[in-house]
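Trainee:
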Amino acid sequence: MAFFNAEQIGVLEGIVEDPRLMLVVSDDIQVFSEQVQAWEESGGVHVIIHEPSLRTIPEELESLKELLQNFQLHQNSVVANRTLLLDNFVRNTRKTWPSISAFHGLPSVPAVLISAGPSLSKTLPLLPMVSKHCLLGSVGTAAPLLYRHGIRPDFIVMIDPQPKMLDQLEDWETQEIPLFFLSTLYPEVVERYKGPKFILFQEGQTAAEKMAVLRQEPLVLTGGSVSTTLFSFARLLGLSPICLVGQDLAYTENKTHVEGTPLFQRWESEAKGELVLAFDSQGTVVSSRNLLLYKKWFEEQARNSNETFYNATEGGAFIEGFTHIVLREFMKSIQMIDVSEAREIFQRLTRSSSMN
2 MAFFNAEQIG
12 VLEGIVEDPR
22 LMLVVSDDIQ
32 VFSEQVQAWE
42 ESGGVHVIIH
52 EPSLRTIPEE
62 LESLKELLQN
72 FQLHQNSVVA
82 NRTLLLDNFV
92 RNTRKTWPSI
102 SAFHGLPSVP
112 AVLISAGPSL
122 SKTLPLLPMV
132 SKHCLLGSVG
142 TAAPLLYRHG
152 IRPDFIVMID
162 PQPKMLDQLE
172 DWETQEIPLF
182 FLSTLYPEVV
192 ERYKGPKFIL
202 FQEGQTAAEK
212 MAVLRQEPLV
222 LTGGSVSTTL
232 FSFARLLGLS
242 PICLVGQDLA
252 YTENKTHVEG
262 TPLFQRWESE
272 AKGELVLAFD
282 SQGTVVSSRN
292 LLLYKKWFEE
302 QARNSNETFY
312 NATEGGAFIE
322 GFTHIVLREF
332 MKSIQMIDVS
342 EAREIFQRLT
352 RSSSMN
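If you want it as structure tokens, here you go:
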């Protein structure tokens, strides 16, 4: 009705004919859902969302409001970092770094993917034993903590384009561990990393997509975070089953990250955010809008796959579609698997294809 009235009094005269403008007016939420998805996939559309109007969306259209808020959050991040991402990409691709195709022929074995959520402290002591039966992949944030506990992951993933990423190279020895870095990672991290280095080309970044086609490399779904990128990368390697640890997606015990990592903070008062179902399906935990975006991304991956994915975080938020299990139980389920041969193949492929 508002658009009809605006048109009647001539407010829209001369505007609606402009080919740069698209007005989407419908009572059907599916129409908006499909349009937002099209905008995200095109990558060339700038959408301005009127905040006051967003706040007036009625309760029956709450899902639309959430859809638009999530899109706005994603877009703001991309727009704010557009120049930085492109500059980083140019610097990182001056050398022809090896990529995922170098690991063709790697056997499919289990993998535990280590994130830096608060609950990692619960599963940390078991990781040396678990590593006998699966490969270990880790985000860069958790690497120093793992190093102090004598745990050597088989690979590390880093993605952040900001200079603060240099902090993640402190207090651990990188020389033996291969780094898989997003093409838009802060370039000095790549330059200073002492171990083998492999580039990842991400979906949704035009220059990276073109380079991937040119080099015949698969694209990595980033999901917006280093943990989701790590998950996508492990799947591209063909590792299965995949089990998550430290993937809280919430402020467990009022903490942002596991204690002992550079990003660790504890809320002085009760953490602010949305209450969601907890790992044990009993209570609730507090999560934030960006963490909920990553949670939904994991859930979408589970819905669209026939694989069984495991969450052994033992804290944090419940991830729909994942099998929730304590790490000891997951270890029992794979205890007959010896990954020593697969690890040797992985290391051999790393040595034969890496360049420093």
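In this text, residue positions in the sequence shown follow the numbering used here: the first is 2, and each later residue adds one. The C-beta atom is built at its ideal place from N, Cα and C for all residues, glycine as well. Keep in mind it's a predicted model, so treat the numbers as computed, not measured.
(1) For glutamine 119, which residues from the same chain have a beta carbon less than 7 angstroms from its beta carbon, with the 5 sequence-adjacent residues on both sides left out?
(2) Counting along the chain, where does the beta strand (DSSP E) carrying phenylalanine 265 start and finish?
(3) Are the beta-carbon atoms belonging to cysteine 135 and alanine 103 less than 8 angstroms from one another?
(4) Given a cut-off of 8 angstroms on the beta-carbon distance, is the pair valine 131 and methionine 159 in contact?
(5) In the DSSP assignment, find the alpha helix (DSSP H) that holds tryptophan 301 and state where it starts and stops.
(6) Report the rounded CA-to-CA distance for glycine 261 versus leucine 276, giving the unit in angstroms.
(7) How should methionine 23 be labelled, buried or exposed, when 16 other C-beta atoms within 10 angstroms of its C-beta is the threshold for buried?
(8) Determine the DSSP secondary structure at serine 354, reduced to helix, strand or coil.
(9) Along the chain, where does the beta strand (DSSP E) that runs through phenylalanine 312 open and close?
(10) Closest to valine 227 by C-alpha separation, out of Glu174, Gly141, Ala251 and Gly284, would be which residue?
(11) In or out: alanine 318 buried (at least 16 other Cβ within 10 Å) or exposed?
(12) Please confirm whether leucine 245 and asparagine 305 have their CB atoms less than 8 angstroms apart.
(13) Give me the Cα-Cα distance between lysine 165 and glutamate 14, rounded to the nearest whole angstrom.
(14) Grouping DSSP H, G and I as helix and E and B as strand, with all else coil, what is lysine 133?
(15) According to DSSP, is glycine 138 part of a helix, a strand, or is it coil?
(16) To the nearest angstrom, how far is the alpha carbon of glycine 106 from that of valine 26?
(17) Could you say if the region 276 to 286 and the region 341 to 348 meet the contact criterion of at least three C-beta pairs nearer than 8 angstroms?
(18) What are the partner residues of histidine 325, as DSSP defines its beta bridges?
(19) Got a sec, what are the start and stop residues for the alpha helix (DSSP H) alanine 117 sits in?
(20) Identify, in the order they occur along the chain, each residue of the same chain with its Cβ nearer than 7 angstroms to the Cβ of phenylalanine 234, setting aside the five sequence neighbours on each side.
(21) Indicate whether leucine 328 and threonine 124 have their beta-carbon atoms separated by less than 8 angstroms.
(22) How is the alpha helix (DSSP H) around isoleucine 181 delimited, first residue to last?
(23) When DSSP builds the beta bridges, which residues end up paired with alanine 235?
(24) Would you report the Cα separation of lysine 296 and proline 20, rounded to the nearest angstrom?
(25) Quick test of your reading: proline 179 and phenylalanine 156, contact by CB under 8 angstroms. State the CB separation rounded to the nearest angstrom.
(26) For leucine 222, report the span of its alpha helix (DSSP H) as first-last.
(27) Apart from the five residues on each side of it in sequence, which residues of its chain come closer than 8 angstroms, Cβ to Cβ, to glutamine 336?
(28) Using 8 angstroms as the limit for Cβ to Cβ distance, is valine 91 near chain B?
(29) Would you mind reading off the limits of the beta strand (DSSP E) that contains glutamate 275?
(30) Kindly identify the DSSP beta-bridge partner or partners of threonine 285.
(31) Could you check the C-alpha separation between isoleucine 101 and alanine 7 for me, to the nearest Å?
(32) Sort Thr314, Arg153, Gly225 and Glu192 by Cα distance to tryptophan 173 and report the nearest one.
(33) Let me know the secondary structure DSSP gives leucine 245 once reduced to three states.
(34) Indicate the three-state DSSP secondary structure (helix, strand or coil) for valine 158 in the structure shown.
Mentor: By the coordinates alone:
(1) On the sequence shown, position 118 is the one that residue 119 refers to. The sequence shown places proline at residue 119, not glutamine. The beta carbon of proline 119 sits closer than 7 angstroms to the beta carbons of Asp249, Thr253, Glu254, Lys256, His258, Val259 and Gly316 from its chain, once the five residues preceding and following it are set aside; these are given in chain order.
(2) Taking the first residue of the sequence shown as 1, we reach residue 265 at position 264. Run containing phenylalanine 265: none; DSSP gives neither H nor E here.
(3) Locating residue 135 in the sequence shown gives position 134, counting from the first residue. Locating residue 103 in the sequence shown gives position 102, counting from the first residue. Cβ distance not < 8 angstroms, so cysteine 135 and alanine 103 don't count as in contact.
(4) Working through the sequence shown from its first residue, we reach residue 131 at position 130. Working through the sequence shown from its first residue, we reach residue 159 at position 158. Contact: no.
(5) For this step, residue 301 is matched to residue 300 along the sequence shown. The question names tryptophan, but residue 301 in the sequence shown is glutamate. Where glutamate 301 is concerned, the enclosing alpha helix (DSSP H) stretches over 290 to 304.
(6) Translated into the one-based positions of the sequence shown, residue 261 becomes position 260. Translated into the one-based positions of the sequence shown, residue 276 becomes position 275. Cα to Cα, glycine 261 sits roughly 26 angstroms from leucine 276.
(7) Taking the first residue of the sequence shown as 1, we reach residue 23 at position 22. Classification of methionine 23: exposed, given that the 10 Å Cβ count is below 16.
(8) Counted from its first residue, the sequence shown places residue 354 at position 353. Note: serine 354 maps to helix in three-state DSSP.
(9) By 1-based counting over the sequence shown, the position of residue 312 is 311. Residue identity differs from the one stated: residue 312 is asparagine in this sequence, not phenylalanine. From DSSP, the beta strand (DSSP E) with asparagine 312 extends over 310 to 312.
(10) As a position in the sequence shown, residue 227 is number 226, starting the count at 1. Ranking the options by Cα distance to valine 227, first place goes to Gly141.
(11) Counting from 1 along the sequence shown, the entry for residue 318 is found at position 317. Classification for alanine 318: buried.
(12) Indexing the sequence shown from 1 puts residue 245 at position 244. Indexing the sequence shown from 1 puts residue 305 at position 304. No, these two residues do not count as a Cβ contact at 8 angstroms.
(13) Indexing the sequence shown from 1 puts residue 165 at position 164. Indexing the sequence shown from 1 puts residue 14 at position 13. Spanning the alpha carbons of lysine 165 and glutamate 14 requires a straight line of approximately 49 angstroms.
(14) Along the sequence shown, one-based indexing puts residue 133 at 132. Note: lysine 133 maps to coil in three-state DSSP.
(15) The sequence position of residue 138 within the sequence shown is 137, counting from 1. Here glycine 138 sits in strand by DSSP.
(16) The residue labelled residue 106 in the question sits at position 105 within the sequence shown. The residue labelled residue 26 in the question sits at position 25 within the sequence shown. Answer to the nearest angstrom: the Cα atoms are 51 angstroms apart.
(17) no
(18) Residue numbering aside, residue 325 sits at position 324 when the sequence shown is read from its first letter. Under DSSP, the beta-bridge partners assigned to histidine 325 are Asn312.
(19) Taking the first residue of the sequence shown as position 1, residue 117 is located at position 116. Here alanine 117 belongs to no alpha helix (DSSP H), and DSSP marks it neither H nor E.
(20) Against the sequence shown, residue 234 aligns to sequence position 233. Val158, Phe181, Leu201 and Val221.
(21) For the purposes of this step, residue 328 is identified with residue 327 of the sequence shown, where counting begins at 1. For the purposes of this step, residue 124 is identified with residue 123 of the sequence shown, where counting begins at 1. Going by C-beta atoms, leucine 328 is nearer than 8 angstroms to threonine 124.
(22) If you number the sequence shown from 1, residue 181 lands on position 180. With the sequence shown as reference, residue 181 is identified as phenylalanine, and isoleucine is not the correct amino acid for it. For phenylalanine 181, there is no enclosing alpha helix (DSSP H); the enclosing beta strand (DSSP E) covers residues 180 to 183.
(23) Sequence index remark: in the sequence shown, residue 235 carries index 234 (1-based). Per DSSP, none; premise fails for alanine 235.
(24) One-based indexing of the sequence shown puts residue 296 at position 295. One-based indexing of the sequence shown puts residue 20 at position 19. Their Cα atoms are separated by approximately 37 angstroms.
(25) Translated into positions along the sequence shown, residue 179 becomes position 178. Translated into positions along the sequence shown, residue 156 becomes position 155. Proline 179 to phenylalanine 156, Cβ: 5 angstroms. Contact.
(26) Taking the first residue of the sequence shown as 1, we reach residue 222 at position 221. Neither: leucine 222 is in no alpha helix (DSSP H) and is coded neither H nor E.
(27) One-based indexing of the sequence shown puts residue 336 at position 335. His134, listed in sequence order.
(28) Looking at the structure shown, chain B is missing, and only one protein chain is on hand.
(29) Within the sequence shown, numbered from 1, the residue matching residue 275 stands at position 274. Note, glutamate 275: beta strand (DSSP E), 275 to 278.
(30) Indexing the sequence shown from 1 puts residue 285 at position 284. Leu278, per the DSSP bridge assignment.
(31) In the sequence shown, the residue the question calls residue 101 occupies position 100. In the sequence shown, the residue the question calls residue 7 occupies position 6. Going from the Cα of isoleucine 101 to the Cα of alanine 7 covers about 54 angstroms.
(32) Position 172 of the sequence shown, counting from 1, holds the residue named residue 173. Checking every option, the nearest Cα to that of tryptophan 173 belongs to Arg153.
(33) Start at 1 with the first residue of the sequence shown, and residue 245 comes out as number 244. Correct three-state label for leucine 245: strand.
(34) Counting from one through the sequence shown, the residue named residue 158 turns up at place 157. Valine 158: strand per DSSP, three-state reduction.
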